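Chains H and D, in that order, are what the protein sequence lines are.
Quick note on full-length UniProt numbering: the first sequence kicks off at 1 and runs consecutively.
Quick note on full-length UniProt numbering: the second sequence kicks off at 1 and runs consecutively.
Using N, Cα and C, we set each Cβ at its ideal position, and we do this for glycine too.
Note that this is a predicted model, so its numbers are computed, not measured.
The structure appears below as structure tokens.
Protein chains: 2
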Amino acid sequence: MKRKITLKQIARELDVSISTVSKALRNSAEISEDTKQKVQAFAKLYNYRPNNIALSLKNRKTNTIGIIIPEIVHHFFSKVIRGVELVANNRGYNVIIGLSNESFSKEVINMDMLANGSIDGFILSISKETLQLQDYHHFNETMSQGMPIVMFDRVVSDIKCDKVIVDDLNGAKNAVKKLIENKCKSIALITTKDYVSVGKLRTQGYLEALEEHKMTPKADLILKIDDTLDYKVDLEELESEIEQLFKSNKKIDGVFAVNELYALSAMKVARKLGLDIPNDVQVIGFTDGVLSKHSTPSLTTVSQHAQHMGEKAADLLIDKLENEINEDADEEYQTVIIATDLIERESTK
Amino acid sequence: MKRKITLKQIARELDVSISTVSKALRNSAEISEDTKQKVQAFAKLYNYRPNNIALSLKNRKTNTIGIIIPEIVHHFFSKVIRGVELVANNRGYNVIIGLSNESFSKEVINMDMLANGSIDGFILSISKETLQLQDYHHFNETMSQGMPIVMFDRVVSDIKCDKVIVDDLNGAKNAVKKLIENKCKSIALITTKDYVSVGKLRTQGYLEALEEHKMTPKADLILKIDDTLDYKVDLEELESEIEQLFKSNKKIDGVFAVNELYALSAMKVARKLGLDIPNDVQVIGFTDGVLSKHSTPSLTTVSQHAQHMGEKAADLLIDKLENEINEDADEEYQTVIIATDLIERESTK
DNA sequence: TTGTAGGCGTTATCAC
DNA sequence: GTGATAACGCCTACAA
């Protein structure tokens, strides 16, 4: 077992100084061709690579991005990671992940762990618990120590940092408009409680779409699911709530659900009640997961371009990292809004 | 913007030496209560945290695990990551990810990047291209530099390292046995080309199950899909191949597919051909993804316990890292086999 | 009880 | 053209 070779070892072997070796390897003009050749050959032979950790210490720059997400077993988040990773690698950065598991304390601990020198900046999406508690001190502290943060998807306006968000409002609005255009008269909304910002915005989109078409929102057409900390939704419970919705409102001919699972459950319940999709009820979901694509009937859905969000977030962060020259010069933060697309499949006409 | 505080700064502020501060913070008996109090209070006030990078350099230990997977937008792999992360964090490690994207060169580059001091060891699953090329030099080189590797799921016997694998053979065997017990007489297999080790083993399980029940495998019941480097399978192509299978073999009453997507496609094609599931054809898939659970009918499948694999892999790796005391003493490697479970749902009787 | 010095691996500056 | 030295932040053996 040969340990990784260092400059010091090369220097000893070739009987030159460490700094000569260092310079030779960086092809410095100061060093004679002869020495350079010798050193470079030797380095190649032993497959020398500078130690990242030493470089990080010296440069006070790790070239590593920390990404904190609530959950990784989730298409949206894993696609975002893929986007981040893609851009990061292209620009010479590594990605280190932390999972908050939707928990406030895990989010804090994880950020703490990484903030102590392991990374140069964060890309993150806020956990549900944090959103509920509205305790954002860890974000502000991190930033006040000069570590930039880019938030995506689940963000809050209180925090001043770069953000990448989905155009939830218009995504939802367009989806509901589509249902209206398709002659739906009684459109149900299946959404989450309001503290999840995206749920709130999608709900708003639903309301605005109705309004624009002079339709009056009816409270009994709106179902708000409480999936608080419990990201593993209880399917039975969910379906029974949806069943209540359908039963207490027999005229429902359209459903807009703020995520894939709610939409699928709605389809399942509808079928169970003898309704045909899309002839009796048309359904649209939100998110670009696998379920939508492979369900029967396949689900019309609002695509969020998750990977693109990740790419954009990574670019924003790295731009900021590499422009630290002008330090706290222009403290201007951007919010990039990613447009959605409606992907039409079999669940709508 | 206040930069992170260091020992040096604390020392200067309190007018003591750096080592005094260091010792005081570690509650050394050498230091007077007085000084300790003073230092600790100051450190707390300024929220001092030792710099990870400096520690890594000093200890030649990063407390970071590198994980290289072919693809992150994939339930199996993201569950594995979740398992790794869980154990790693509990044991004081961070996780850094690299995506090979099923490409040999990206696998090599990513490992290279991380191996230069960024991490203490690897957990990885081999990319398809690497498996095809059978070029494993990068694994061996990494290990010969004293960096341990734990492989999971996609492994090769040529490489000597710890491994965590699914009991693919018996998983498949039990699935096919189930079909046989359920009176299927003509069981089709939808699998991948043989260079993917797991595909090969699952195929073998299928054959052994038939054999044990004195059923003769028929070549025209076996469909081998070529999903080479193209992890985004062409659905149309896939379905048309499966349709051929069904058409050229009208007696098929059972299907065992080596993954979720093949199974779902088989169900879709069967339905299209007017066959009822599970009455005319029973279907079993492999993997514990979301598709199986939410498809209609829901899919009976072989669960691999991906998260558990991740946990096990992390434990193996960290055990090895923390037992480096006896260095290359006992060069014994373990292969942990994770048993599968058959999750019965609606696609079988 | 406190401080000094050396080293982890690298690079930059400056002296020879 | 080459090498010694300092520094990044931390820890620790040893000296005072």
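Using beta-carbon distances, D/I190 does not count as an interface residue toward chain H, since no partner is under 8 Å. In the three-state reduction of the DSSP assignment, D/M147 falls in the coil class. For D/E71, the closest of D/Y333, D/K128, D/K23 by C-alpha to C-alpha distance is D/K128. In the structure shown, H/S19 falls within a helical segment according to DSSP collapsed to helix, strand and coil.
Taking a beta-carbon distance threshold of 8 Å, D/V95 counts as an interface residue toward chain H.
In the displayed model, D/Q204 falls within a helix according to three-state DSSP.
Put simply, the CB of H/G146 is near chain D, with a gap under 8 Å to one of its CB atoms. Spanning the alpha carbons of D/G205 and H/Q134 requires a straight line of approximately 53 Å. Here the alpha carbon of D/K38 sits roughly 45 Å from the alpha carbon of H/Y48.
Judged by DSSP secondary structure, D/K218 falls outside any beta strand (DSSP E); it is assigned neither H nor E. The three-state reading of DSSP puts H/S103 in coil, since its state is none of H, G, I, E or B. The residue among H/T340, H/V87, H/D226, H/A175 with its C-alpha nearest the C-alpha of H/I318 is H/V87. Closest option to D/K193, judged by alpha-carbon separation, among D/R202, D/K247, D/N59: D/R202. Beta-bridge analysis with DSSP links D/N94 to D/T64. Exclusion of the five residues before and after D/N94 leaves T64 as the residues of its chain whose Cβ lies within less than 6 Å of its Cβ. With the rule of 3 Cβ pairs closer than 8 Å, the segment 24–39 of chain H does not count as touching the segment 159–172 of chain D. Annotation for H/H138: E107, V108, M111, D112 place their beta carbon closer than 8 Å to its own, counting only its chain and skipping 5 residues before and after.
Look at H/D153 here: in three-state DSSP terms it is coil, with no helix or strand label. Membership of H/L235 in the alpha helix (DSSP H) is indicated by the continuous run 235–247. Comparing C-alpha distances from H/D167 to each of H/V155, H/I126, H/N249, H/E322 shows the shortest one belongs to H/V155.
If you look at D/Q132, you'll find it in the alpha helix (DSSP H) that goes 128–133. Of all residues in the segment 296–312 of chain D, the ones placed with a Cβ closer than 7 Å to any Cβ belonging to chain H are T296, in chain order. The Cβ atoms of D/R91 and H/G146 lie no closer than 8 Å to each other. Interface annotation, H/P70: not in contact with chain D, CB-CB separation never under 8 Å. Within the DSSP secondary-structure output, D/K224 pairs in a beta bridge with D/T191. With a beta-carbon spacing of about 7 Å, D/S118 and H/I53 fall inside the 8 Å limit used to define contacts.
As the crow flies, the alpha-carbon of D/A313 is around 42 Å from that of H/S17. The Cβ atoms of H/A270 and H/V258 lie no closer than 8 Å to each other. Comparing alpha carbon positions, the residue from D/Q307, D/V290, D/S144, D/P148 closest to D/Q334 is D/P148.
Neighbourhood of D/P50 in chain H, by CB distance below 9 Å: N116, G117, in chain order.
With its beta carbon at least 8 Å from every one in chain D, H/T142 lies outside the interface.
For H/F256, the closest C-alpha among the options H/G274, H/F286, H/S78, H/L235 is that of H/F286.
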